[in-house]
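J.:
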Amino acid sequence: MPLVLEKRAERSAFIAIASPVLAIALTLVTMSILLLALGKNPLMALYVYFVEPLTDPYSLMEIAVKASPLVMIAIGLSLCYLANVWNIGAEGQFIMGAVTGSYLAVVTNGSDVGHWLVIVMLIMGAIGGALWALIPAICRVRFGANEILTSLMLVYVADLIMDYLVRGPWRDPKGLNFPTTASFDPSATVPVILDGGRLHAGVIVTLAVVAVAAVMLGRTIKGFEIRVVGAAPRAARFAGFKSDRLVIFTFLISGALSGLAGIIEVAGPVGVLQPGISPGYGFTAIIVAFLGRLNPIGILIAGLFLALTFIGGEGAQISMKIPLDLTKVFQGVLLFYVLACDSLILYRIRLIGAQSKTA
Numbered sequence: 004m005p006l007v008l009e010k011r012a013e014r015s016a017f018i019a020i021a022s023p024v025l026a027i028a029l030t031l032v033t034m035s036i037l038l039l040a041l042g043k044n045p046l047m048a049l050y051v052y053f054v055e056p057l058t059d060p061y062s063l064m065e066i067a068v069k070a071s072p073l074v075m076i077a078i079g080l081s082l083c084y085l086a087n088v089w090n091i092g093a094e095g096q097f098i099m100g101a102v103t104g105s106y107l108a109v110v111t112n113g114s115d116v117g118h119w120l121v122i123v124m125l126i127m128g129a130i131g132g133a134l135w136a137l138i139p140a141i142c143r144v145r146f147g148a149n150e151i152l153t154s155l156m157l158v159y160v161a162d163l164i165m166d167y168l169v170r171g172p173w174r175d176p177k178g179l180n181f182p183t184t185a186s187f188d189p190s191a192t193v194p195v196i197l198d199g200g201r202l203h204a205g206v207i208v209t210l211a212v213v214a215v216a217a218v219m220l221g222r223t224i225k226g227f228e229i230r231v232v233g234a235a236p237r238a239a240r241f242a243g244f245k246s247d248r249l250v251i252f253t254f255l256i257s258g259a260l261s262g263l264a265g266i267i268e269v270a271g272p273v274g275v276l277q278p279g280i281s282p283g284y285g286f287t288a289i290i291v292a293f294l295g296r297l298n299p300i301g302i303l304i305a306g307l308f309l310a311l312t313f314i315g316g317e318g319a320q321i322s323m324k325i326p327l328d329l330t331k332v333f334q335g336v337l338l339f340y341v342l343a344c345d346s347l348i349l350y351r352i353r354l355i356g357a358q359s360k361t362a
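And the structure:
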């Protein structure tokens, strides 16, 4: 009996919640099959991935550290996606935020500078990410260019700019020719808030961003405008909302949050500017945004879950010799199932043969 997708008259709240749960379940089944193909015990591997990190205080702090940039970037992306603006270049904005914010740390290295320095670095990082995001926004508004392509291509430009700087003018002369800046001074680093780990003040900034985003989307005219322009562009035009202005606004906010996440990562856990500062945060945050239903609280939960896969993947590599790249496979499969299961929100599956027999 053939299956067809029938458009729902209205969206089901239950399906909207059940969709990401089903996506996670299907991902776990798929990963179990892959682990069996690798000759690994899937139950043991899944325990190492998802349970073992939750039993260790240090791992819990590492989950928070990993989740912080994911959540912050995903919050910005969710504003874009709710407005039907497709920013795929958060990775490049993350890198440019790290580069612009690191400039002060490089030029003041070895100087006696006060703790105000790190605050200015964070501001510069946010501005750098916002300006980098402004490029695809202007290209769409002014020239009608596809923001998916322009924002994505700018990722590689940002990466090459950073690579040039750390191999050239910003390279540490005492770094044995490695492509890295000198280690940041204490005044240029984000303070650690708990001893015995790397939990830093950037996590608190991320929680503040979640709270502000939740209030803005749920309680302000701008949040209402974002949702209306994305869901009903024609109604938004009748209401006097300007879609071009919203494209600029959402790209600027998304870029600023990505850039802020970038400089916090460099001035916090990493401590230097060097290639490979991001394990793909900008792309993984896309999964976080959709898994969290483009809702700030849901994104916080989804970010913690994806961070758990990073930490669990490192543990599985050490204890079970499972390739670390399998974590990226897991994240890619999860995004595939999230998008596939989201079709159930708009459509229901119907058996044509079953209906005809009933009739």
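In my numbering, the protein residues as written are 4 to 362.
Quick reminder that beta carbons are idealized off the backbone N, C-alpha and C, glycines included.
(1) So, do the segment 280-290 and the segment 95-108 have three or more beta carbon pairs nearer to each other than 8 angstroms?
(2) Could you check the C-alpha separation between PHE313 and SER246 for me, to the nearest Å?
(3) Give the single residue among VAL291, SER190, GLY306 and GLU55 whose Cα lies nearest to the Cα of GLY366.
(4) Using only alpha-carbon positions, find the residue among VAL341, ILE355 and LEU354 that is nearest to THR19.
(5) Tell me, to the nearest whole angstrom, how far the beta carbon of MET127 is from that of THR153; I am working on the premise that it is less than 8 angstroms.
(6) Taking 9 angstroms as the cut-off, decide whether the C-beta atoms of ILE27 and PHE308 are in contact.
(7) Report the partner residues of TYR373 according to the DSSP bridge assignment.
(8) Of the choices LEU38, ARG170, THR192 and LYS177, whose alpha-carbon is the least far from that of PRO326?
(9) How should TRP1 be labelled, buried or exposed, when 16 other C-beta atoms within 10 angstroms of its C-beta is the threshold for buried?
(10) Assuming contact is defined by CB atoms lying nearer than 9 angstroms, are ILE300 and SER22 in contact in what I supplied?
(11) Can you list, in chain order, the residues of its chain with a C-beta nearer than 6 angstroms to that of MET165? Leave out the 5 residues immediately preceding and following it.
(12) So, PHE333 versus THR30, is the Cβ gap smaller than 9 angstroms?
(13) Quick check: what's the CA-CA separation for SER114 versus PHE187?
(14) Can you check which of these residues, ILE256, GLY200 and VAL195, is closest to ILE267 by C-alpha distance?
(15) Tell me the DSSP secondary structure of LYS10 in three-state form.
(16) Looking only at its own chain, which residues have a Cβ that is under 6 angstroms from the Cβ of ALA133, when we skip the five neighbours before and after it?
(17) Verify whether the separation of the beta carbon atoms of ILE91 and ILE251 is less than 9 angstroms.
(18) Look up VAL250 in the DSSP assignment and say whether it is helix, strand or coil.
(19) Can you give me the C-alpha to C-alpha distance between MET124 and LEU263, rounded to a whole angstrom?
(20) Identify whether VAL195 lies in helix, strand or coil by the three-state DSSP scheme.
(21) Assign ALA21 to one of three DSSP states: helix, strand, or coil.
(22) Report, in whole angstroms, the separation of the C-beta atoms of ARG230 and LEU354, which I expect to be a contact under 8 angstroms.
(23) Pull up the CB-CB distance for ARG11 and TYR350, whole angstroms please, since I reckon it's below 8 angstroms.
(24) Rounded to whole angstroms, what is the Cα-Cα separation between SER346 and ALA136?
(25) Under the assumption that SER71 contacts THR183 (Cβ atoms under 8 angstroms), give the Cβ distance between them as a whole number of angstroms.
(26) Can you tell me which of the three DSSP states LEU354 falls into?
(27) Taking LEU202 as part of the alpha helix (DSSP H), name the residues at either end of that continuous run.
T.: According to the structure shown:
(1) Yes: at least three Cβ pairs fall under 8 angstroms.
(2) As a working mapping, residue 313 is identified with position 310 in the sequence shown. As a working mapping, residue 246 is identified with position 243 in the sequence shown. Each residue's Cα considered, the two are about 37 angstroms apart.
(3) Coverage of the chain is limited to positions 4 through 362, which leaves residue 366 absent and any answer about it impossible.
(4) To locate residue 19, count along the sequence shown from 1; it is residue 16. For the sequence presented, residue 19 should be read as Ala rather than Thr. Nearest option by C-alpha distance: VAL341.
(5) What you label residue 127 is simply residue 124 of the sequence shown in a count that begins at 1. What you label residue 153 is simply residue 150 of the sequence shown in a count that begins at 1. MET127 to THR153, Cβ: 24 angstroms. No contact.
(6) In the sequence shown, residue 27 corresponds to position 24, counting from 1. In the sequence shown, residue 308 corresponds to position 305, counting from 1. Using a Cβ distance threshold of 9 angstroms, ILE27 and PHE308 count as a contacting pair.
(7) Nothing about residue 373 can be reported from this structure: the residues present for the chain run from 4 to 362 only.
(8) Along the sequence shown, read from residue 1 onward, the residue named residue 326 stands at position 323. When only C-alpha atoms are compared, the closest one is LEU38.
(9) There is simply no residue 1 to check, as the chain begins at 4 and stops at 362 in what is shown.
(10) The residue you call residue 300 lines up with position 297 of the sequence shown. The residue you call residue 22 lines up with position 19 of the sequence shown. Inclusion of ILE300 and SER22 in the CB contact set at 9 angstroms is not warranted, their separation being larger than that value.
(11) In the sequence shown, the residue the question calls residue 165 occupies position 162. Cβ within range, chain order: ILE98 and VAL102.
(12) As a first step, residue 333 is located in the sequence shown; it is residue number 330 there, counting from the start. As a first step, residue 30 is located in the sequence shown; it is residue number 27 there, counting from the start. In this structure, THR30 lies closer than 9 angstroms to PHE333 by Cβ.
(13) The residue labelled residue 114 in the question sits at position 111 within the sequence shown. The residue labelled residue 187 in the question sits at position 184 within the sequence shown. Taking the straight line from one Cα to the other gives about 11 angstroms.
(14) Numbered from its first residue, the sequence shown carries residue 267 at position 264. Put simply, of ILE256, GLY200 and VAL195 the residue whose alpha carbon is nearest the alpha carbon of ILE267 is VAL195.
(15) Taking the sequence shown and counting its residues from 1, the one referred to as residue 10 is at position 7. The answer is strand: DSSP assigns LYS10 an E or B state.
(16) Translated into the one-based positions of the sequence shown, residue 133 becomes position 130. In its chain, beyond the 5 residues on either side, LEU255, GLY258 and ALA259 have a beta carbon closer than 6 angstroms to the beta carbon of ALA133.
(17) By one-based count along the sequence shown, residue 91 stands at place 88. By one-based count along the sequence shown, residue 251 stands at place 248. Cβ atoms of ILE91 and ILE251: not closer than 9 angstroms.
(18) The residue you call residue 250 lines up with position 247 of the sequence shown. Here VAL250 sits in helix by DSSP.
(19) Counted from its first residue, the sequence shown places residue 124 at position 121. Counted from its first residue, the sequence shown places residue 263 at position 260. Cα-Cα distance, rounded: 9 angstroms.
(20) The sequence position of residue 195 within the sequence shown is 192, counting from 1. VAL195 falls in the strand class under three-state DSSP.
(21) Residue numbering aside, residue 21 sits at position 18 when the sequence shown is read from its first letter. Three-state DSSP puts ALA21 in a helix.
(22) As a first step, residue 230 is located in the sequence shown; it is residue number 227 there, counting from the start. As a first step, residue 354 is located in the sequence shown; it is residue number 351 there, counting from the start. Rounded, the Cβ-Cβ distance is 35 angstroms, inconsistent with contact.
(23) For the purposes of this step, residue 11 is identified with residue 8 of the sequence shown, where counting begins at 1. For the purposes of this step, residue 350 is identified with residue 347 of the sequence shown, where counting begins at 1. Correct: roughly 6 angstroms between the Cβ atoms.
(24) Against the sequence shown, residue 346 aligns to sequence position 343. Against the sequence shown, residue 136 aligns to sequence position 133. Taking the straight line from one Cα to the other gives about 29 angstroms.
(25) Counting from one through the sequence shown, the residue named residue 71 turns up at place 68. Counting from one through the sequence shown, the residue named residue 183 turns up at place 180. So it is not a contact: roughly 22 angstroms between Cβ atoms.
(26) As a working mapping, residue 354 is identified with position 351 in the sequence shown. LEU354 sits in a strand when the DSSP states are folded into three classes.
(27) Within the sequence shown, the letter at position 199 stands for residue 202. Run containing LEU202: none; DSSP gives neither H nor E here.
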